[in-house]
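Worksheet for the structure shown next.
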Amino acid sequence: MSKARARAKKAAAKNQTLVFGKQQYILFGASVALIALGYTLMVLDNQIESFVSLTLSPIILITGYMLVIYAILKR
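Throughout the sequence shown, residue numbering follows our numbering, covering 562 to 636 in sequence.
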């Protein structure tokens, strides 16, 4: 009986597929990297009113979050 259960579990494991495809996971990784870069640039800049912290970092963050949404909705 235990051999039959083991075979059934193996067959069930083979039939399961990932929720997203390879391209979506690559997009997720790129978006996480962009978001991390945006927050890092915002923190590392020591000046309060500089171009990097007020303009560049928010643009990078918005791009990263938009890429996450695109990766989720893409089929």
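Don't be surprised by glycine CBs; every beta carbon is placed ideally from N, CA and C.
In the three-state scheme derived from DSSP, where H, G and I count as helix and E and B as strand, T578 is classed as coil. Our two residues, A594 and G625, have alpha carbons roughly 8 Å apart in a direct line. Collapsing the DSSP output to three states places S611 in coil. The stretch 613 to 629 makes contact with the stretch 597 to 604; the number of CB pairs closer than 8 Å reaches 3 or more. Of the residues V580, K571 and I621, the one whose Cα lies closest to the Cα of R636 is V580.
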